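Beneath this line is the structure, given in structure tokens, with notes to follow.
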Amino acid sequence: MKYMKIGITLLLLAGMILGICACGKKESIKIASKPMTEQYILTEIIAQLIEEETDYEVEITKGIGGGTTNIHPALIKGEFDLYPEYTRTAWLNVLKKEEMEKDDALLYDQLLAEYDQMGLTWTGLYGFSNTYGLAVRKETAEQYGLSTYSDLAAVSGELIFGGNPDYIELETGYSRLCTAYNMEFKDTKQMEIALKYEALINGEVDVINAFTTDAQLAANDLVLLTDDGGFFETFLAGTVVRKDTLEKYPELQGVLEKLNGMISEEEMQQMNYDVEVNGKEDKEVARQFLESKGFLNQ
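Residue numbering for the sequence shown is 44 to 341, as defined by the numbering used here.
Take a look at the structure:
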């Protein structure tokens with residue numbers, strides 16, 4: 044009987060210890076990313092800043108297939124707490140808006156209003172847009188005096204345009220661009236996305252369609268022209284987060300807002316370049332960025 048009492052006491056004591064450990068265990072803030080280098084870097088920036096500024100624990104799930112299509116429903120269900128998103132991607136893919144609001148401020152205000160009804164919010168915008176653009180070699184820009192799309196239109200008859208099939212064949216893509224700026228290129232070549240930059244650098248084509256934060260644009264011999272006619276809509280990047288997560292972690296909103304206006308297109312290009320071309324780890328690139336902004340001690 045004596046040993047039985049001792050055994051029961053030990054079991055109760057073990058249960059109490061386990062209960063204390065369970066209560067003391069912190070739940071992680073769960074961050075999701077789309078399957079692209081830029082998003083890997085952004086989630087690392089967010090996670091490292093949260094861990095630097097608070098005692099919250101963070102868990103990142105990188106490269107979720109389907110991007111917004113799968114991340115947004117998971118966010119609604121509470122499987123994730125936050126992720127980096129782009130305003131017009133949310134406008135088209137989440138809100139299912141058929142007509143694009145041209146004014147960035149009005150579009151953002153409407154996003155905030157409609158996301159609020161879903162129990163979500165945006166904590167601001169990082170400062171860069173990942174949208175479509177046109178790139179040329181530096182020597183081509185210097186030879187023809189190119190800095191804007193209008194400049195390009197004036198000499199388009201002497202140049203060859205290269206683009207991926209989807210963009211060339213898309214009704215709202217290449218043909219619409221040419222109509223808007225009255226461009227008529229000497230020739231047009233279709234090629235896979237991965238081959239466009241190689242063809243441009245090798246001189247097989249003179250102009251390509253690009254994304255404004257593409258890693259290859261960080262190379263010194265390439266120039267991203269200015270869309271002086273406002274043809275391409277902006278896809279501004281920012282953080283989408285569950286409202287109940289902000290309530291649960293009261294320091295979180297202030298931390299996320301520190302990134303507002305802190306990342307330029309050139310900085311995002313360079314970070315993508317450091318990972319994709321220079322072979323650096325996304326964690327390392329994120330840390331170097333935060334150090335450069337004074338958020339982390341070097």
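All C-beta atoms, glycine included, are put in the ideal place defined by N, C-alpha and C.
Computed from a prediction, not measured in an experiment: that's the story for all the values here.
Please classify S335 as buried or exposed, where buried requires at least 16 neighbouring CB atoms within 10 angstroms.
Locating residue 335 in the sequence shown gives position 292, counting from the first residue. It is exposed - the Cβ of S335 has fewer than 16 other Cβ atoms within 10 Å.
With 16 other Cβ atoms within 10 Å as the buried cut-off, status of T183:
Position 140 of the sequence shown, counted from the first residue, corresponds to residue 183. T183 is buried by the Cβ-count criterion.
In this structure, does DSSP put T269 in helix, strand or coil?
Taking the first residue of the sequence shown as 1, we reach residue 269 at position 226. DSSP places T269 in strand when its eight states are reduced to three.
Could you name each continuous beta strand (DSSP E) segment of 3 residues or more that falls completely within the stretch 83-147, going from the start of the chain to the end?
101-104, 125-129
Starting from S210, follow the alpha helix (DSSP H) in both directions and report where the run begins and ends.
In the sequence shown, residue 210 corresponds to position 167, counting from 1. Per the sequence presented here, residue 210 reads as Tyr, with Ser not at that position. It spans 208-212 - the alpha helix (DSSP H) in which Y210 sits, taken as one unbroken run.
Could you tell me the alpha carbon to alpha carbon distance between E327 and A148, rounded to whole angstroms?
Translated into the one-based positions of the sequence shown, residue 327 becomes position 284. Translated into the one-based positions of the sequence shown, residue 148 becomes position 105. Each residue's alpha carbon lies about 33 Å from the other.
Proximal residues to C221 (C-beta, below 6 Å), its chain only, five neighbours per side dropped:
The count along the sequence shown starts at 1 and reaches residue 221 at position 178. If we look at C221 and ignore the five residues flanking it on each side, it has no Cβ neighbours.
To test your reading of the DSSP string, which unbroken alpha helix (DSSP H) runs of 4 or more residues are found completely within the stretch 317-341?
325-335
With Y292 as the anchor, note down where its beta strand (DSSP E) starts and where it stops.
Working through the sequence shown from its first residue, we reach residue 292 at position 249. Counting along the chain, Y292 falls outside any beta strand (DSSP E), and DSSP gives it neither H nor E.
Buried or exposed, going by whether 16 or more other CB atoms sit within 10 Å of the CB of D230?
As a first step, residue 230 must be located in the sequence shown, where it is residue number 187. Counting Cβ neighbours within 10 Å, D230 comes out exposed, since fewer than 16 surround it.
Cβ separation of F275 and T130, assumed to be a contact under 8 Å, to the nearest whole Å
Here residue 275 refers to the residue found at position 232 of the sequence shown. Here residue 130 refers to the residue found at position 87 of the sequence shown. Actually they are not in contact, since the Cβ atoms of F275 and T130 sit about 13 Å apart, beyond 8 Å.
Exposure of Q91, with buried meaning 16 or more beta-carbon neighbours within 10 Å:
Taking the sequence shown and counting its residues from 1, one reaches residue 91 at position 48. That one is buried.
So which of A237, Y316, G170, Y192 has the shortest CA-CA distance to E227?
As a working note, residue 227 is residue 184 in the sequence shown. Comparing Cα positions, the closest option is Y192.
Assuming N315 contacts T112 (C-beta within less than 8 Å), just tell me the rounded distance between them.
Taking the first residue of the sequence shown as position 1, residue 315 is located at position 272. Taking the first residue of the sequence shown as position 1, residue 112 is located at position 69. Not quite, the Cβ-Cβ distance comes to about 23 Å (not below 8 Å), so this is no contact.
Touching by the beta-carbon criterion (3+ pairs, under 8 Å), the stretch 292-300 and the stretch 234-249
no
Compare the C-alpha of A133 against each of E310, Y151, I74 and name the closest.
As a first step, residue 133 is located in the sequence shown; it is residue number 90 there, counting from the start. It is Y151.
Among the candidates N207, Y210, Y187, whose CA atom is the shortest distance from the CA of G200?
By 1-based counting over the sequence shown, the position of residue 200 is 157. Of N207, Y210, Y187, the residue nearest in Cα terms is Y187.
Spell out a yes or no on whether the stretch 245-259 and the stretch 113-128 are touching, meaning 3 or more CB-CB pairs, one atom from each, closer than 8 Å.
no
Please state whether the Cβ-Cβ distance between L118 and V248 is less than 8 Å.
Translated into the one-based positions of the sequence shown, residue 118 becomes position 75. Translated into the one-based positions of the sequence shown, residue 248 becomes position 205. No. Outside cutoff.
Around the C-beta of N263, are 16 or more other C-beta atoms found within 10 angstroms, so that it is buried, or is it exposed?
Your numbering for residue 263 matches position 220 in the sequence shown. The residue is exposed, with fewer than 16 neighbouring Cβ atoms inside 10 Å.
Span of the beta strand (DSSP E) around L189
Looking up residue 189 in the sequence shown gives position 146. Looking at the DSSP string, L189 is not in any beta strand (DSSP E), and its letter there is neither H nor E.
Whole alpha helix (DSSP H) runs in the stretch 220-244 with 4 or more residues, listed along the chain?
236-244
Rounding to the nearest angstrom, what Cα-Cα distance links D257 and F123 in this structure?
Translated into positions along the sequence shown, residue 257 becomes position 214. Translated into positions along the sequence shown, residue 123 becomes position 80. For D257 and F123, the distance between alpha carbons rounds to 27 Å.
Contacts around E157, its chain only, beta-carbon distance under 7 Å, and the 5 residues preceding and following it disregarded:
Position 114 of the sequence shown, counting from 1, holds the residue named residue 157. Cβ neighbours of E157 beyond the five flanking positions: L138.
Quick check: L155 and R285, are their CB atoms within less than 8 Å of each other?
For the purposes of this step, residue 155 is identified with residue 112 of the sequence shown, where counting begins at 1. For the purposes of this step, residue 285 is identified with residue 242 of the sequence shown, where counting begins at 1. Cβ distance not < 8 Å, so L155 and R285 don't count as in contact.
Pair within 8 Å by beta-carbon distance, T269 and S172:
In the sequence shown, the residue the question calls residue 269 occupies position 226. In the sequence shown, the residue the question calls residue 172 occupies position 129. Their beta carbons are not under 8 Å apart, which means T269 does not touch S172 by this criterion.
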